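Okay, so here's the structure we're looking at.
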């Protein structure tokens with residue numbers, strides 16, 4: 034976040050504290066995609082994630098007085114993460130409504146990557162993405178949250194300790210072991226293993 | 003935390019931190035690099051961390067299904083909060099169903115009292131002893147019934163004689179059950195007592211002479227005093243034949259209570275300025 038951006042958010046928050054809902058909604062505009070995606074990753078369900086994202090902004094508006102002036106991006110992510118964990122706990126108490134009611138990973142319209150490479154490479158890439166999505170669901174919530182926050186949403190280790198309340202050592206462990214588990218899950222499927230090894234060679238040749 | 007010596011593999015946490023360019027001192031960094039130079043296993047682990055990381059970063063991400071902008075309803079504030087109606091209106095609306103139930107319960111009791119009273123009037127008139135007993139108990143409990151003072155009766159009848167034990171029990175029970183409802187009743191008392199008062203004024207006065215004539219043989223033959231004092235005073239009404247039984251007074255009080263509760267339960271929430279139809 035650049036300095037001017039940070040200043041802009043501080044001003045918007047000051048206005049929102051004074052009851053200016055439109056100022057707060059400008060923050061919503063800027064962060065809703067990120068927050069929704071975080072919720073999708075943690076919950077693995079599109080409609081639950083929609084509720085969680087909406088709750089996050091309602092809660093954030095109500096808690097504006099508690100915002101200390103740090104990273105707004107982390108503050109919102111912390112609220113979203115807590116909300117998602119609350120929902121997961123609620124789901125566990127009521128097992129009737131299943132978490133995988135609406136699996137998000139099978140929606141093909143997300144694959145909007147440019148087809149600049151070979152068509153073959155593109156096909157295998159999106160196929161591997163599908164395997165990876167499924168593998169992500171096999172991680173523990175804590176591992177998936179940490180891995181997603183770092184690799185997908187671009188938070189730093191320090192920010193993740195701030196968001197999840199875990200120690201730095203725990204965050205490091207969750208990220209590294211989460212990735213290892215993903216690799217193991219991919220390698221346990223023959224086709225996925227092949228696709229993974231192809232990607233592995235590519236990344237190896239790049240470095 | 004620190005990477006091991008050359009023959010020790012690097013902890014996976016440190017490898018991933020190294021891959022991610024995170025939280026390592028330059029000393030740790032160089033130790034890791036020295037180890038990686040001759041350890042194929044650790045190089046492979048590092049490559050795995052990097053590969054998975056790159057694949058995750060490439061995952062297609064969903065677009066938001068809708069805007070999450072907040073509306074005033076979401077945050078529960080109105081642009082111009084009016085303090086006064088907001089405070090009073092919810093009280094009425096909030097207690098709407100209580101008033102309704104209490105009102106219906108009072109109405110049921112009222113019907114029971116009226117029925118009991120009808121039976122008592124159509125019964126025999128000659129059981130003077132029972133009447134006396136009833137009258138005494140009424141006198142004892144009289145102070146408890148405050149409404150007696152200013153509320154004339156619709157149900158004034160010629161005599162109260164045939165009051166049996168079962169009917170005697172009714173007003174007591176009903177008084178007790180009515181008592182807690184009176185508390186709810188208090189805050190709305192000003193606007194409620196409309197209907198039952200006015201039509202009852204005249205009958206009470208007019209009926210008085212008839213009562214006296216019909217019940218000459220009763221305990222208190224001082225009809226004249228009762229008639230004269232009927233308008234300003236209270237006690238004479240109680241003590242004469244023209245006075246009403248406890249059952250009847252209860253009926254009057256109950257009728258008023260019923261009216262107040264029904265108005266509070268059904269009419270007020272609807273006509274209250276700015277209140278919505280449904281509670282909550």
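Chains as they are written, first to last, in our numbering: chain A, 34 to 240; chain B, 3 to 282.
C-beta: ideal position from N, C-alpha, C; glycine also.
The structure displayed is predicted, hence computed values, not measured ones.
Chain A contact residues for residue i, given Cβ-Cβ distances below 9 Å
i	result
residue 69 of chain B	58, 61, 62 and 65
residue 29 of chain B	In chain order: nothing, as chain A lies at least about 17 Å away.
residue 108 of chain B	Per Cβ cutoff of 9 Å: no residues; residue 108 of chain B is ~42 Å from chain A at best.
Burial state of residue i (16 or more Cβ within 10 Å)
i	result
residue 200 of chain A	exposed
residue 260 of chain B	buried
residue 110 of chain B	exposed
residue 273 of chain B	exposed
residue 104 of chain A	buried
residue 46 of chain B	exposed
residue 231 of chain A	exposed
residue 99 of chain A	exposed
residue 15 of chain B	buried
residue 176 of chain A	buried
residue 125 of chain A	exposed
residue 65 of chain A	buried
residue 78 of chain B	exposed
residue 184 of chain A	buried
residue 68 of chain B	exposed
residue 96 of chain A	exposed
residue 216 of chain A	buried
residue 252 of chain B	buried
residue 70 of chain A	buried
residue 162 of chain A	buried
residue 51 of chain A	exposed
Euclidean distance between Cα positions of residue i and residue j
i	j	result
residue 71 of chain B	residue 58 of chain A	5 Å
residue 196 of chain A	residue 113 of chain A	9 Å
residue 50 of chain B	residue 24 of chain B	17 Å
residue 37 of chain A	residue 187 of chain A	20 Å
residue 11 of chain B	residue 41 of chain B	8 Å
residue 167 of chain A	residue 61 of chain B	12 Å
residue 270 of chain B	residue 264 of chain B	9 Å
residue 21 of chain B	residue 72 of chain A	26 Å
residue 223 of chain A	residue 44 of chain A	54 Å
residue 189 of chain A	residue 172 of chain A	20 Å
residue 30 of chain B	residue 88 of chain A	42 Å
residue 73 of chain B	residue 169 of chain A	35 Å
residue 61 of chain A	residue 86 of chain A	10 Å
residue 41 of chain A	residue 198 of chain A	27 Å
residue 91 of chain A	residue 192 of chain A	22 Å
residue 53 of chain A	residue 255 of chain B	53 Å
residue 210 of chain A	residue 54 of chain B	11 Å
residue 36 of chain B	residue 26 of chain B	15 Å
residue 318 of chain A	residue 208 of chain A	Since the displayed chain A opens at 34 and closes at 240, residue 318 of chain A lies outside it and no answer follows.
residue 1 of chain B	residue 100 of chain B	This structure cannot settle anything about residue 1 of chain B, because the visible part of chain B is limited to 3 through 282.
residue 161 of chain B	residue 114 of chain B	With a pLDDT of 45 at residue 161 of chain B, under the threshold of 50, the modelled position of that residue is not reliable, and the figure given next carries that caveat. So the two alpha carbons sit approximately 19 Å from each other.
Check: residue i C-beta below 7 Å from any heavy atom of the ligand FAD
i	result
residue 250 of chain B	In the structure on display, the ligand FAD does not appear, and there are no ligands present to speak of.
Supposed contact pair residue j and residue i - C-beta distance, whole angstroms, cut 8 Å
i	j	result
residue 18 of chain B	residue 106 of chain A	Wrong, their Cβ atoms sit about 22 Å apart, outside the cutoff.
residue 226 of chain A	residue 235 of chain A	Wrong, their Cβ atoms sit about 15 Å apart, outside the cutoff.
residue 228 of chain A	residue 157 of chain A	5 Å
residue 284 of chain B	residue 120 of chain B	Chain B is shown only over 3 to 282; residue 284 of chain B falls outside these bounds and no answer can be derived.
residue 81 of chain A	residue 93 of chain A	So it is not a contact: roughly 18 Å between Cβ atoms.
residue 102 of chain B	residue 267 of chain B	4 Å
residue 178 of chain A	residue 75 of chain A	5 Å
residue 180 of chain A	residue 58 of chain B	7 Å
residue 122 of chain B	residue 246 of chain B	So it is not a contact: roughly 12 Å between Cβ atoms.
Cross-chain neighbours of residue i in chain A, by beta carbon under 7 Å
i	result
residue 57 of chain B	161, 165 and 232
Per-residue contacts from residue i into chain A (C-beta, under 8 Å)
i	result
residue 66 of chain B	65, 66, 69 and 86
residue 17 of chain B	209
residue 22 of chain B	183, 190 and 208
Interface residues of chain B facing residue i [CB-CB closer than 9 Å]
i	result
residue 180 of chain A	54, 55 and 58
residue 94 of chain A	72, 76 and 77
residue 243 of chain A	Nothing about residue 243 of chain A can be read from this structure; chain A reaches only from 34 to 240.
residue 83 of chain A	66, 67, 68 and 70
residue 79 of chain A	64 and 67
Amino acids of chain B, ordered along the chain, whose beta-carbon sits closer than 7 Å to that of residue i
i	result
residue 184 of chain A	55, 58 and 59
residue 218 of chain A	Ordered by position in chain B, no residue passes the 7 Å Cβ test against residue 218 of chain A, which lies about 10 Å from the chain.
residue 244 of chain A	With chain A covering only 34 through 240, there is no way to say anything about residue 244 of chain A.
residue 98 of chain A	Under the 7 Å cutoff, chain B gives no residues; its nearest Cβ is about 13 Å from residue 98 of chain A.
residue 76 of chain A	Within chain B, no residue comes near residue 76 of chain A; the closest Cβ sits about 12 Å away, beyond 7 Å.
residue 215 of chain A	54
Residue i: contacting residues in chain B (beta-carbon distance under 8 Å)
i	result
residue 91 of chain A	72, 76 and 77
Inset, instruction - Would you list, in chain order, the members of the stretch 36-60 of chain A that have their beta-carbon closer than 8 Å to a beta-carbon of chain E? - result: This model lacks chain E altogether; the protein chains it does include are A and B.
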